[in-house]
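Right, one structure below, let's go through it.
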Ligand SMILES: [Zn+2]
Ligand SMILES: [Zn+2]
Ligand SMILES: [Zn+2]
Ligand SMILES: [Zn+2]
């Protein structure tokens, strides 16, 4: 998803492997990024571009006049099944403009208001009142009570409309325990006193230069758990299209009814929205509002709009690289050129491979001030030594040019130059048709004009930077059984962005901060006490509760090019610890932990039990399959069979897995869900408490995972009306969750509602 699609990637790697050795050497030994770019792009042949175009066409991103009819029917099916979310999305795909466009294609006129009504109904059922109101007023504006709709009982539409408006009003008047207005003011966490050295950071954060680690953030005073440290809007972000493969053209797959991130979130601000406003020119860019559509169009989408299929083929990193240069503005080539020149001089005099130690005494941060060379010790800062979330800071993020393999650089360079050629072609077309081309000044010659080369080099730099500096923008999506009583939650990646200040944080496998997002704004909070002078760190992904030390080290080395020496890695390497409890095997006869490599033997003195590891591993694999089947039954609402299956799994698991094994946790969690769906709250709570112990052993008592689990337990106690248990679990859940996310968080708000409901019902407490 970040990198180009597999076909294009393997096509380019094959092209690389077939290049004459001498050319490979020239590209590999190129000293600057502009050399890499120029040499690689001269190798891009017309047949390569034809191949790429064919791939891009696999993504259907155009508009089609027949689509509204199709989506309406699919929407109706979902509506009958009471799947209001999907129905709303499908109805949204037949947006008003498309419906009006379809009129000329014989679309039955009398059905138009009905779709809009259905969509509004879905939105009301889902409690998305603002979007419902917008749909209703669109409907009123575009389909006024008119006598021309003679064959449609227009009175019934009016009646329905009136009825819907009442429903919206009714719902809006419901007393909210946690008013939306309050949530809104809390959206902006307050960082307190302004930080003069570092924008978007609290005054307790300082920027330093460490001879070994480079730039890093440290606590300038003691920081308490839960304290917000950085709040930064993405300098650039691109919505991840979702995991679905492209649809290849055939009659029944022409219109995609699958719902992805792209249908649920605004392409500019990432707000969750069901009534999207689609772009006029393409079918893939959708927004939460006219305002977002307008801003996106002006800033970047008018250039990106015709390139949809190409950008999906080239991957998110290439898309971000393009959007970054568009945000800086095509007019401002001189600015990019200046930054490129500065950096390419550095590339020559100071290979980055040994730059880390030298940065302090190198010319890296020299900036001219009143004609004098002033030394600013930290790259990315302005003349006054202030670091801000701006393009200069983005440009100064390390691309690690010397660490990437030559074929990777070749691959990125060719993606960028293919994109540049498409941009040029688009601008020719714009000139030919007299459309607005002021932002695209392209040369008439087939070679890249100098300006395009400057953008190309900048884009290549950004693509290489992204491997180490891209930040995943995530959200918690709630999942649940069909009964939907106890919700599970999982973290999903919504978008990829660049945050210049957050990029300053170094990695630790056991970090002292947490990150959370509202639309494109990231907030970093301390998840534990951080002493004055201590480094502030976050986790790039390989967390100690998710993988063992060897796997983490390997991952960090190959993606981020460093050897992790965080305290977690240090102790784990030195203790040569046995497998963590959440993946340990135990003795069949006495339940003590098993030890050893290929052959495991019981750790208890006097027990002679021993077994081959691969035997246990295959048992575990079978068990995982069985659990998967049970989960499928559960999500299909087959509760009794699901419980029987899970109990069988549980017996099996207990005979060879440690009590805190992750799979046992999953089984208990499934049992808890099934019991809750059957209304057996007590049993459900017992199972969930078992699952909670596994989560605690693995992730720690104040981890965000523990917070989600406590939230579930609170829901169960609440539904079972176990008041004291519910209240104490709510308190614990709030305590843990507030270390990781702000008060706007869905789960925290839900907890507040439960609490005040319980307190209202039982005033004696
Ligand atoms: Zn938006
Ligand atoms: Zn568009
Ligand atoms: Zn580590
Ligand atoms: Zn034993």
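Residue numbers (full-length UniProt numbering): 1 to 765. Ideal placement from N, C-alpha and C gives every residue a C-beta, glycine not left out.
Each of 299, 85, 394, 315 was checked against the Cα of residue 260, and the nearest Cα belongs to 85. For residue 135, the three-state secondary structure derived from DSSP is helix.
Look at the beta carbons and you see the region 230–238 touching the region 508–522: at least three pairs across the two are nearer than 8 Å. For residue 76, the closest C-alpha among the options 93, 115, 313 is that of 115. In the structure shown, residue 670 falls within a helical segment according to DSSP collapsed to helix, strand and coil.
Less than 7 Å separates the beta-carbon of residue 39 from that of residue 27. Short note on residue 271: C-beta closer than 6 Å to some heavy atom of ligand 1.
According to the DSSP assignment, residue 215 belongs to the beta strand (DSSP E) that extends over 214–219. Boundaries of the beta strand (DSSP E) around residue 521: 521–526.
For residue 518, the enclosing beta strand (DSSP E) has its first and last residue at 513–518.
At a cut-off of 4 residues, the continuous stretches assigned as alpha helix (DSSP H) that sit fully inside the region 22–93 are 33–41, 46–56, 67–80, 84–93.
Two segments are said to touch when three or more pairs of C-beta atoms, one from each, lie closer than 8 Å; by this definition the region 288–297 does not touch the region 306–322. By DSSP's assignment, residue 593 forms a beta bridge with 586. Look at residue 702 here: in three-state DSSP terms it is coil, with no helix or strand label. Remark: C-beta atoms of residue 275 and residue 92 approach each other more closely than 7 Å. Taking 6 Å as the cut-off, the C-beta of residue 309 does not count as close to any heavy atom of ligand 2. Short note on residue 285: C-beta closer than 6 Å to some heavy atom of ligand 2. Straight through space, the alpha carbons of residue 739 and residue 727 are spaced by roughly 19 Å. DSSP places residue 209 in the uninterrupted beta strand (DSSP E) bounded by 205–210.
Under DSSP, residue 626 takes part in no beta bridge, so it has no partner. Distance from the CA atom of residue 271 to the CA atom of residue 309, rounded to whole angstroms, is 23 Å. Residue 602 has its Cβ nearer than 6 Å to a heavy atom of ligand 4. Distance between residue 277 and residue 614, taken at the CA atoms: about 54 Å. In the same chain as residue 171, and ignoring 5 residues on each side of it, the C-beta atoms closer than 8 Å to its own belong to 124, 127, 129, in chain order. A distance below 8 Å between beta-carbons, with the five flanking residues on each side excluded, links residue 572 to the following residues of its chain, in chain order: 544, 548, 549. Residue environment: residue 594 is assigned as buried (16 or more neighbouring CB atoms within 10 Å of its CB, all protein chains considered). Short of 8 Å from the beta carbon of residue 140, and not among the five residues preceding or following it, lie these beta carbons of its own chain, in chain order: 161.
Setting aside the 5 residues that flank it on each side, residue 567 is surrounded in the same chain by 508, 510, each with a C-beta closer than 8 Å to its C-beta; the list follows chain order.
Taking the Cβ of residue 468 as the reference point, every heavy atom of ligand 3 lies at 6 Å or farther away. Between residue 456 and residue 204 the beta-carbon gap is near 41 Å, outside 8 Å, which marks them as no contact. As summarised for the region 687–749, the continuous alpha helix (DSSP H) elements at least 4 residues long and confined to that stretch are 704–719, 723–737, given in chain order. A direct Cα-to-Cα measurement between residue 225 and residue 524 gives close to 11 Å. In chain order, 132, 135, 136, 164 place their CB closer than 6 Å to the CB of residue 120, counting only its own chain and leaving out the 5 sequence neighbours on each side. For residue 191 and residue 512, the gap between their C-alpha atoms comes out near 18 Å. If you check the CB distance, residue 287 and residue 302 do not come in under 7 Å.
Counting C-beta atoms within 10 angstroms of its own C-beta, residue 599 has fewer than 16 neighbours from the protein chains shown and is therefore classed as exposed.
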